[in-house]
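Please read the structure below before turning to the comments.
There are 4 protein chains.
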Amino acid sequence: MAAYEPKNPGYRAAAIAMFDGQPAMHTLGIVIVRLAPGEAELAMLHSPALTQQNGFVHAGIITAGLDNACGVAAFTLMPREADILTVEFKTTLLAPARGERFVFKAEVVKPGRTLTFCEARAFAEHEGKVTLIAAMTGTLMAMLPRVAASQAPAPIPA
Amino acid sequence: MAAYEPKNPGYRAAAIAMFDGQPAMHTLGIVIVRLAPGEAELAMLHSPALTQQNGFVHAGIITAGLDNACGVAAFTLMPREADILTVEFKTTLLAPARGERFVFKAEVVKPGRTLTFCEARAFAEHEGKVTLIAAMTGTLMAMLPRVAASQAPAPIPA
Amino acid sequence: MAAYEPKNPGYRAAAIAMFDGQPAMHTLGIVIVRLAPGEAELAMLHSPALTQQNGFVHAGIITAGLDNACGVAAFTLMPREADILTVEFKTTLLAPARGERFVFKAEVVKPGRTLTFCEARAFAEHEGKVTLIAAMTGTLMAMLPRVAASQAPAPIPA
Amino acid sequence: MAAYEPKNPGYRAAAIAMFDGQPAMHTLGIVIVRLAPGEAELAMLHSPALTQQNGFVHAGIITAGLDNACGVAAFTLMPREADILTVEFKTTLLAPARGERFVFKAEVVKPGRTLTFCEARAFAEHEGKVTLIAAMTGTLMAMLPRVAASQAPAPIPA
Chain A
157 MAAYEPKNPG YRAAAIAMFD GQPAMHTLGI VIVRLAPGEA ELAMLHSPAL
207 TQQNGFVHAG IITAGLDNAC GVAAFTLMPR EADILTVEFK TTLLAPARGE
257 RFVFKAEVVK PGRTLTFCEA RAFAEHEGKV TLIAAMTGTL MAMLPRVAAS
307 QAPAPIPA
Chain B
157 MAAYEPKNPG YRAAAIAMFD GQPAMHTLGI VIVRLAPGEA ELAMLHSPAL
207 TQQNGFVHAG IITAGLDNAC GVAAFTLMPR EADILTVEFK TTLLAPARGE
257 RFVFKAEVVK PGRTLTFCEA RAFAEHEGKV TLIAAMTGTL MAMLPRVAAS
307 QAPAPIPA
Chain C
157 MAAYEPKNPG YRAAAIAMFD GQPAMHTLGI VIVRLAPGEA ELAMLHSPAL
207 TQQNGFVHAG IITAGLDNAC GVAAFTLMPR EADILTVEFK TTLLAPARGE
257 RFVFKAEVVK PGRTLTFCEA RAFAEHEGKV TLIAAMTGTL MAMLPRVAAS
307 QAPAPIPA
Chain D
157 MAAYEPKNPG YRAAAIAMFD GQPAMHTLGI VIVRLAPGEA ELAMLHSPAL
207 TQQNGFVHAG IITAGLDNAC GVAAFTLMPR EADILTVEFK TTLLAPARGE
257 RFVFKAEVVK PGRTLTFCEA RAFAEHEGKV TLIAAMTGTL MAMLPRVAAS
307 QAPAPIPA
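Residue numbers (the numbering used here), protein chains in the order written: chain A, 157 to 314; chain B, 157 to 314; chain C, 157 to 314; chain D, 157 to 314.
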């Protein structure tokens with residue numbers, strides 16, 4: 157993969173602060189385990205509170221981890237003053253989310269001034285084995301202060 | 157939309173049981189508010205524990221609601237003995253998830269013996285106004301007992 | 157659906173000119189059959205030259221029609237000076253593309269200054285019956301002249 | 157990537173025959189340039205007949221190449237008697253399709269008895285430079301003769 161040059165020399169602190177500002181990540185028990193320009197790795201321990209009817213972690217929770225991994229990876233390449241939002245993502249579920257621990261790895265495939273394209277994969281660690289359980293591709297958008305108002309999604313006409 | 161004929165006369169009880177068997181839904185505070193053959197509507201009250209850095213509900217949580225709405229809608233049309241799993245979904249985020257209450261409406265667009273295609277929309281209720289905040293399309297798969305083992309995703313070759 | 161107010165009073169002529177400027181549409185035999193603010197309908201006659209191994213029209217060709225329907229629908233709501241590009245789309249194939257004629261209907265679900273979200277459906281007309289054969293959701297981007305250079309996708313770092 | 161073991165020893169001839177049976181590929185000038193178990197690479201020369209309003213190759217044509225690369229890659233791992241169909245794909249357009257030649261590389265990420273998940277990338281070769289222009293993820297389905305009828309998408313209820 158390309159080695160990216162971050163525009164914000166304080167990208168690590170900025171990405172960690174953005175992540176730590178998300179109560180949902182605390183609630184789900186998701187933490188950052190690795191950061192590099194254009195890359196992020198998050199992890200989460202299994203919790204029975206987050207499972208679906210077969211005892212596997214719910215696809216929406218796995219998606220929350222993948223989406224945030226993409227967001228953090230994209231954010232590391234954005235200018236200091238940017239805020240970030242997710243435009244869209246697609247998640248494909250490849251195997252049941254069965255395991256003691258889950259890892260979400262994202263990397264930026266194509267950074268851009270406005271839009272950034274990321275790919276991410278989720279892995280389950282179960283009894284010493286690592287299994288690919290889901291894949292995401294997503295588009296993230298940088299919101300810059302001076303254009304933030306005008307770039308914001310327009311209200312839907314009544 | 158088409159009026160679908162459920163294969164399982166007990167589809168309501170079956171869908172509710174499947175939904176209630178998901179601890180993640182209890183944790184997120186998501187409940188069923190309407191059910192019909194090929195249709196489902198879920199709702200969730202705002203919780204600060206589920207927000208991201210700007211105070212809006214996290215995209216992954218919104219996705220969990222949309223995915224489950226699709227799953228319940230698809231499940232209403234499956235035979236009694238089927239289990240269900242999500243193959244993939246795409247979520248597009250259209251506006252910030254700001255509100256006191258969120259509603260997830262899904263409908264089956266194309267049912268199939270193996271695969272079912274669903275569409276879902278998420279709405280935020282904020283100070284008396286309803287706003288479309290996200291849209292999903294997804295593919296769900298029926299797992300039938302006699303073929304469950306062979307249909308299960310194959311392990312990835314080492 | 158919402159009734160949209162076009163920003164460009166000459167939106168019809170502009171959309172037709174943009175469409176007619178695409179040699180690929182001539183090659184595939186796709187034409188505009190209806191236009192309204194935020195809506196577009198295209199049509200294509202069956203051609204054996206565009207089929208796959210079972211005699212059905214190729215999914216990529218169906219996608220070209222859907223993508224262009226989305227592009228034209230989104231373009232009708234953009235300002236006069238804007239150019240348009242597709243950010244991403246997802247196509248779900250719901251039934252074989254078997255028929256004498258194919259119709260692609262798109263509508264804008266959420267217009268925005270920078271990004272517009274569209275949905276589209278493809279139908280096959282076969283022996284007097286109309287069948288839904290594919291569904292698309294897509295994100296389109298307005299490129300405005302003054303920011304065109306800076307908004308352009310950045311080159312991938314070597 | 158994993159080294160996959162094809163179930164069909166004649167996978168090369170089968171994949172080439174499936175590809176050659178598609179008139180759309182001849183029309184678009186797309187050819188196979190490399191085949192391996194779970195992998196495929198296709199190529200296409202630029203043609204003015206396939207461009208959009210800015211002279212770049214149309215996103216639908218690029219998608220046709222990517223979709224077929226996924227189809228061929230997935231088909232190499234299917235049993236001899238299987239037919240294949242595309243369930244869904246998402247294409248993200250990353251840079252204008254400007255070049256003399258285009259290459260579509262796909263690989264199977266997760267094979268399965270019924271569903272196979274693939275990733276593909278499109279590259280433009282322009283004045284000696286290679287640029288990533290698009291990325292696809294897609295789900296392909298194996299249709300086995302004995303279940304072909306019952307697995308076929310059900311007609312949409314009237």
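Think of the CB as a built atom: it goes at the ideal place given N, C-alpha and C, for glycine as much as any other residue.
Computed from a predicted structure; not experimentally measured.
Among the options, the one whose alpha carbon lies nearest that of residue i
i: H282 (chain A); options: A:H202, A:L198 and A:I188; result: A:H202
i: P266 (chain A); options: D:E195, D:Y160, D:A251 and D:H214; result: Note that residue 266 (chain A) corresponds to Lys in the displayed sequence, not to Pro. Out of D:E195, D:Y160, D:A251 and D:H214, D:A251 has the C-alpha closest to the C-alpha of K266 (chain A).
i: P319 (chain B); options: A:A173, A:G177, A:A278 and A:M297; result: Residue numbering for chain B in the displayed model covers 157 to 314; residue 319 (chain B) lies beyond these limits and cannot be assessed.
i: N210 (chain A); options: B:L233, B:F175 and B:I218; result: B:F175
i: L288 (chain D); options: D:L249, D:G294 and D:E275; result: D:L249
i: A220 (chain D); options: D:A169, D:F273, D:M297 and D:R277; result: D:R277
i: C274 (chain D); options: D:R257, D:A253, D:M297 and D:P301; result: D:M297
i: E244 (chain C); options: A:F279, A:A196, A:T293 and A:E256; result: A:T293
i: A196 (chain D); options: D:T232, D:A291 and D:N164; result: D:T232
i: T247 (chain A); options: D:T295, D:I218 and D:M200; result: D:T295
i: P162 (chain D); options: D:V189, D:L206, D:I218 and D:P235; result: D:P235
i: P179 (chain B); options: A:A291, A:L300, A:T207 and A:A230; result: A:T207
i: A229 (chain C); options: C:Y160, C:A280 and C:K285; result: C:Y160
i: A291 (chain B); options: B:R168, B:I218 and B:A199; result: B:I218
i: V286 (chain B); options: B:R254, B:P301 and B:L300; result: B:R254
i: A199 (chain C); options: C:P165, C:M299, C:I172 and C:R257; result: C:R257
8 Å Cβ cutoff, residue i in contact with chain B
i: F273 (chain C); result: yes
i: P309 (chain D); result: Bear in mind that a pLDDT of 49 at P309 (chain D), under 50, signals an unreliable position, so the model cannot answer this.
i: T247 (chain D); result: no
i: K286 (chain C); result: Looking at the sequence provided, one finds Val at residue 286 (chain C) rather than Lys. So, not an interface residue.
i: V264 (chain C); result: no
i: T232 (chain A); result: no
i: P179 (chain A); result: yes
i: P204 (chain A); result: yes
Residue i, DSSP secondary structure in three states
i: A276 (chain D); result: strand
i: G294 (chain B); result: strand
i: H282 (chain C); result: strand
i: L300 (chain C); result: coil
i: M181 (chain D); result: helix
i: M316 (chain D); result: Nothing can be reported for residue 316 (chain D): it is not among the residues displayed for chain D, which extend from 157 to 314.
i: A238 (chain A); result: coil
i: A192 (chain B); result: strand
i: L288 (chain A); result: strand
i: T315 (chain A); result: The shown model of chain A, from 157 to 314, leaves out residue 315 (chain A), and the question about it has no answer.
i: L249 (chain C); result: strand
i: Q307 (chain A); result: Summary for Q307 (chain A): the model assigns pLDDT 49, below 50, so the residue's position carries little reliability, and this model does not support an answer.
i: E244 (chain B); result: strand
Cutoff 8 Å: residue i Cβ touching any chain D Cβ
i: M174 (chain C); result: yes
i: A291 (chain A); result: yes
i: I312 (chain A); result: In this predicted model, I312 (chain A) has a pLDDT of only 41, less than 50, meaning its place in the structure is not dependable; the value taken from the coordinates is given anyway. Answer no: the Cβ-Cβ gap between I312 (chain A) and chain D never drops below 8 Å.
i: V228 (chain A); result: no
i: R219 (chain B); result: Per the sequence shown, the amino acid found at residue 219 (chain B) is Thr instead of Arg. T219 (chain B) does not count as touching chain D.
i: A304 (chain C); result: Residue confidence for A304 (chain C) is low, a pLDDT of 46 falling below 50, so the modelled location carries little weight; the figure read from the coordinates is stated next. Taking Cβ atoms only, chain D never reaches closer than 8 Å to A304 (chain C), which makes this a no.
i: G216 (chain C); result: yes
For residue i, the first and last residue of its enclosing alpha helix (DSSP H)
i: L206 (chain B); result: Unbroken run through L206 (chain B): none, as it is neither H nor E.
i: A230 (chain D); result: A215 to F231
i: R168 (chain C); result: Y167 to D176
CB contact below 8 Å: residue i versus chain A
i: T242 (chain B); result: yes
i: T207 (chain B); result: yes
i: G268 (chain B); result: no
i: L184 (chain D); result: no
i: P337 (chain B); result: For chain B, the structure presents residues 157 to 314; residue 337 (chain B) sits outside this window and is missing.
i: L222 (chain D); result: no
Closer than 8 Å to chain C by CB, residue i
i: H282 (chain D); result: no
i: L191 (chain B); result: no
i: T295 (chain A); result: yes
Host beta strand (DSSP E) of residue i (start-end)
i: R257 (chain D); result: R257 to K266
request  = Take every Cβ of the region 258-266 of chain B, pair it with every Cβ of the region 215-226 of chain B, and state whether three or more of those distances are shorter than 8 Å.
outcome  = yes
ask   = Okay, do the region 269-285 of chain D and the region 239-254 of chain C touch, 3+ Cβ pairs below 8 Å being the bar?
value = no
ask   = Any chance the region 209-218 of chain D sits against the region 178-187 of chain C, with 3 or more Cβ pairs inside 8 Å?
value = yes
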